[in-house]
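Report on the following structure.
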Amino acid sequence: MAYYQSPRWSNEIADCSMPMTFDTYSNCSFGCMYCFSQFQRGVGDSKEAYLHKEVKAVNVEKIKKMFTDPDNHAGQFKEYIKQRKVMQWGGLSDQFDGFERKRGVTLELLRFFKEINYPLCFSTKATWFTQDERYMELIRGQKNWNFKFSIITLDERKAHVIERGVPTPQERLEAIRRIAEADAGGATLRLRPFIIGISTPSYLQLIRQAHEKGATAMSTEFLCVEQRSPTLKEFMPTINELAGFDVMAFYRRYSVSSGYLRLNRKVKRPFFEKMKHLADELGMRFYISDAHFKELCCNGSCCGLPPTWNYSRGQWCEALQIAKGRPSGEVCWNDVRGDIEQIVSSFEWSRAQGFNCNSSERRAKFYGMTMADYMHWLWNNPQAGQSPYKLFEGALVPSGKDAEGNIIYKFNGARF
801 MAYYQSPRWS
811 NEIADCSMPM
821 TFDTYSNCSF
831 GCMYCFSQFQ
841 RGVGDSKEAY
851 LHKEVKAVNV
861 EKIKKMFTDP
871 DNHAGQFKEY
881 IKQRKVMQWG
891 GLSDQFDGFE
901 RKRGVTLELL
911 RFFKEINYPL
921 CFSTKATWFT
931 QDERYMELIR
941 GQKNWNFKFS
951 IITLDERKAH
961 VIERGVPTPQ
971 ERLEAIRRIA
981 EADAGGATLR
991 LRPFIIGIST
1001 PSYLQLIRQA
1011 HEKGATAMST
1021 EFLCVEQRSP
1031 TLKEFMPTIN
1041 ELAGFDVMAF
1051 YRRYSVSSGY
1061 LRLNRKVKRP
1071 FFEKMKHLAD
1081 ELGMRFYISD
1091 AHFKELCCNG
1101 SCCGLPPTWN
1111 YSRGQWCEAL
1121 QIAKGRPSGE
1131 VCWNDVRGDI
1141 EQIVSSFEWS
1151 RAQGFNCNSS
1161 ERRAKFYGMT
1171 MADYMHWLWN
1181 NPQAGQSPYK
1191 LFEGALVPSG
1201 KDAEGNIIYK
1211 FNGARF
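For the sequence shown, the numbering used here begins at 801 and goes up steadily by one.
Structure, rendered in structure tokens:
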């Protein structure tokens, strides 16, 4: 029997608080037009299987061995698991989608993770499991399980078209309520991706309603556009109609990059400012997963985990929060190196499981480096795309070097 290989290392490992990300299934029964997973999976040899919704599940017994005997069965992930860092569940697929309703593999794993009391953070658009006692009896009272529910608009018509097969926004808000009442590790509104013209008419009302249902945090991020994706090009006319303007043309005009388009800070600022002010007014923790204005996060986990949770501190979002909170405004390599060197120093960057090494040129450039070496290199090369300076577009700027020759960064971000 063929199984799906998971977990994997997130491609956003440089600023991700949960870089070990897990999926139950190789595919997702939902068909969201903005889904980056389909742009990633719907290419190459696996394209046909993905687009035709062929699906494989993980090997449950193998996953159990990874967590009960990490030294012998977890490979690259052993230190992460041994330190009981929070695992992100639902990176490329939804673990509670239609495939789960038929197969129940997530349910089997949930029973196991409850037995070992392992900390988890779920990302989902599903709602049915919050009305299924088999799942809720496991979730109820589980203080180290956090649930993020993705909702991008309150407009049911737009949501129905752009998020095919997904429950309505109101159904997802009710799922937030049920999770909040279950007294587990909390419910978070995941207002991602934020799409101008689709999210904008109702986003503040959405935040208020999520808070009323019991969400204690919210996380947001603007849509990024992969203009080289043939799948996205097919969807664009529909997205344009729903948004009321030519989205691709807008992104090309107001992005600072090419290929993978990300709107500039000036476009995003007024929306983030209103979100933060409202979240502060409501008493919700506020987080931005977008590279721009990530300094506004309440702490170093941009997915919305509270600061007391055992997520990885070895990443640039954490560095940004450290610098923001110090009178000197400075942060050093020594502030973040601990988790980096403990968690990702045992394997080579080029062999990182599930990690996109992009090209043979890059593989040659970083040949022989461990993932920890690579992170160290990023820290000390401000012009690299994933360095603290470039990634946040100047929210952290180089301001000198420490006694070991590592760059010291100084906070230069927004406060509002």
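For glycine and all other residues, C-beta sits at the position ideal for the given N, C-alpha and C.
From the listed residues Ala1049, Gly1138, Gln942 and Phe949, the smallest Cα separation to Thr1020 is found for Phe949. The beta-bridge partner set that DSSP reports for Trp1177 is empty. Counting along the chain, Lys948 sits inside no alpha helix (DSSP H); it lies in the beta strand (DSSP E) bounded by residues Trp945 to Ser950.
Less than 9 Å separates the beta-carbon of Gly891 from that of Phe822. Fewer than three Cβ pairs drawn from the region 909-918 and the region 1180-1188 lie within less than 8 Å of each other, which leaves the two stretches out of contact. Going by DSSP, Arg1062 is part of no beta strand (DSSP E) at all; its letter is neither H nor E. Between the alpha carbons of Lys1076 and Phe947 lies a gap of roughly 21 Å. Nearest to Ile1207 by C-alpha distance, out of Gly1213, Phe1216 and Leu1196, is Leu1196. For secondary structure counted as the alpha helix (DSSP H) over 4 or more consecutive residues, the region 1106-1147 holds these complete runs in sequence order: 1116-1125 and 1133-1143. According to DSSP, Glu1026 shares a beta bridge with Tyr1060.
Taking one beta carbon from each stretch, the region 1095-1112 and the region 1023-1037 have fewer than 3 pairs nearer than 8 Å; the two do not touch.
Around the beta-carbon of His1011, 16 or more other beta-carbon atoms lie within 10 Å, marking it buried.
Annotation: Gly1200 is outside any alpha helix (DSSP H); the continuous beta strand (DSSP E) that includes it extends over Leu1196 to Lys1201. The secondary-structure analysis by DSSP pairs Glu963 across a beta bridge with Cys832.
Non-local beta-carbon contacts of Ile1140 in its own chain, meaning distances under 6 Å to residues more than five positions away in sequence, involve Gly1114, Ala1172 and Met1175 in chain order. By the CB criterion at 9 Å, Lys958 and Ile1007 fall outside the cutoff. Separation of Ala874 and Val961 (C-alpha to C-alpha, rounded to the nearest whole angstrom) is 41 Å. In this structure Pro967 is buried. Its beta-carbon is surrounded by 16 or more other beta-carbon atoms within 10 angstroms.
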